[in-house]
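See structure below.
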Amino acid sequence: MTEFRRRVAAVSGAGAMIAALGGIVVAIALAPWFSLTANALSDLGVADRTAVATAFNGGLLLGGAVAIAYAWALWAAARTLGARVVAVEFAAAATLMAGVGAFPSGTSLHFPVALGFYLALTLVLATDGAVRRTTTAGRLALAAAGVHLWQWWLWVAGVRLGPGLAIPELVGALLLAAWVLAGSPVAPLARVARDLTRPPE
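When the sequence shown is numbered by the numbering used here, its final residue is 257 and no position is left out of the sequence of numbers.
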């Protein structure tokens, strides 16, 4: 991968995750009524206080838009059909993440885009894991996909702290963020780790 593509991956990956997760954190901080065990994250997007809804929806919109550049970096670095499929799946996940911000809870498109986002992020992790299954990063991606599905299964089965969706939603978002920053083929933190551990020439 060229130096330019590395920089695109680093900036867009970090920027997308900071925008999306940062917006969620800010929205939660501004909403004392919000409970991780009783609410869904999307409740923040329809909060009466404008600042809360703006932080949540705006963070997802910005994060999704910036993440498209990360999808391009994945595509540009791809050397196999499977790797290109991962790039396309990630682009879909980014678009759907922005869609959650564009179509707040209660609108007709909210449920399909929210469900689509979590399905897409699972596909990203599972496909990348299958493509790179002979590597540690690939096996970790497969494990992350399994954890994501397993924790949703527990929630559906009633093994949960409360009726809210926020905890499994956050777990999914954090698993994707970890993959973007440290696990993907163009992950900026993985690149830094390789550079630090490379033997001197």
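All C-beta atoms in this analysis are idealised placements derived from N, C-alpha and C, irrespective of residue type, glycine included.
In this text, all values refer to a predicted model and were calculated from it rather than measured experimentally.
Task: Given residue 170 as reference, the closest of 162, 92, 155 and 180 once Cα atoms are compared - done: Taking the first residue of the sequence shown as 1, we reach residue 170 at position 114. A check of alpha carbon separations from residue 170 across 162, 92, 155 and 180 identifies 155 as the nearest.
Task: Unbroken alpha helix (DSSP H) run spanning residue 63, endpoints - done: Along the sequence shown, one-based indexing puts residue 63 at 7. Residue 63 -> alpha helix (DSSP H) spans 59-85.
- [ ] Look at the Cβ atom of residue 228, then the Cβ atom of residue 177, and state whether they are nearer than 9 Å.
- [x] Within the sequence shown, numbered from 1, the residue matching residue 228 stands at position 172. Within the sequence shown, numbered from 1, the residue matching residue 177 stands at position 121. Going by C-beta atoms, residue 228 is nearer than 9 Å to residue 177.
Task: Inside the stretch 155-213 only - alpha helix (DSSP H) runs reaching at least 4 residues - done: Here the runs fully enclosed are 166-187 and 192-212.
- [ ] Please list, in chain order, all residues of the same chain as residue 196 whose beta carbon is under 8 Å from its beta carbon, the five residues on each side excluded.
- [x] Along the sequence shown, one-based indexing puts residue 196 at 140. Cβ within range, chain order: 185 and 239.
Task: For residue 88, three-class secondary structure by DSSP - done: To locate residue 88, count along the sequence shown from 1; it is residue 32. Residue 88 falls in the coil class under three-state DSSP.
Task: Whole-angstrom C-beta distance between residue 150 and residue 124, which should lie under 8 Å - done: By 1-based counting over the sequence shown, the position of residue 124 is 68. By 1-based counting over the sequence shown, the position of residue 150 is 94. Indeed, because the Cβ distance is near 5 Å, the residues count as touching under 8 Å.
- [ ] Go ahead and pull the three-state DSSP assignment for residue 255.
- [x] Your numbering for residue 255 matches position 199 in the sequence shown. Any answer about residue 255 is weak, because its pLDDT of 48 lies below 50 and its placement is not dependable; what the coordinates show is given next. Note: residue 255 maps to coil in three-state DSSP.
- [ ] Check residue 224 in the structure and name its three-state DSSP category.
- [x] As a working mapping, residue 224 is identified with position 168 in the sequence shown. Residue 224 carries a helical assignment under DSSP once its states are collapsed to helix, strand and coil.
TODO: Look up residue 121 in the DSSP assignment and say whether it is helix, strand or coil.
DONE: If you number the sequence shown from 1, residue 121 lands on position 65. Note: residue 121 maps to helix in three-state DSSP.
Open item on the list: I'd like to know whether the C-beta atoms of residue 115 and residue 148 end up nearer to each other than 9 Å.
Closed with: Indexing the sequence shown from 1 puts residue 115 at position 59. Indexing the sequence shown from 1 puts residue 148 at position 92. The answer is no: Cβ separation not under 9 Å.
TODO: Let me know if residue 225 comes out buried or exposed under the rule of 16 or more other beta-carbons within 10 Å of its beta-carbon.
DONE: Taking the first residue of the sequence shown as position 1, residue 225 is located at position 169. Residue 225 should be labelled buried.
Open item on the list: I need the DSSP call for residue 217, collapsed to helix, strand or coil.
Closed with: On the sequence shown, position 161 is the one that residue 217 refers to. Coil.
- [ ] Can you tell me which of 129, 241 and 179 puts its alpha carbon nearest to the alpha carbon of residue 191?
- [x] Here residue 191 refers to the residue found at position 135 of the sequence shown. Here the closest residue by C-alpha is 241.
Task: Residues near residue 253 by beta carbon distance below 8 Å, same chain, minus five either side - done: Working through the sequence shown from its first residue, we reach residue 253 at position 197. Here residue 253 scores only 44 on pLDDT, less than 50, and its place in the model is too uncertain to base an answer on.
Open item on the list: Contact defined as beta carbons within less than 8 Å: I believe residue 68 pairs with residue 141. What is the distance between those atoms, to the nearest angstrom?
Closed with: Taking the first residue of the sequence shown as 1, we reach residue 68 at position 12. Taking the first residue of the sequence shown as 1, we reach residue 141 at position 85. About 20 Å separates the Cβ atoms of residue 68 and residue 141, ruling out a contact at the 8 Å cut-off.
TODO: Would you check if the stretch 99-113 and the stretch 124-135 touch, i.e. whether three or more CB-CB distances between them fall below 8 Å?
DONE: Flag = no, the stretch 124-135 and the stretch 99-113 do not touch.
Open item on the list: For the structure I just gave you, are there three or more beta carbon pairs, one from the stretch 205-214 and one from the stretch 91-103, closer than 8 Å?
Closed with: Three or more beta-carbon pairs separated by less than 8 Å are not found between the stretch 205-214 and the stretch 91-103, which leaves the two stretches without contact.
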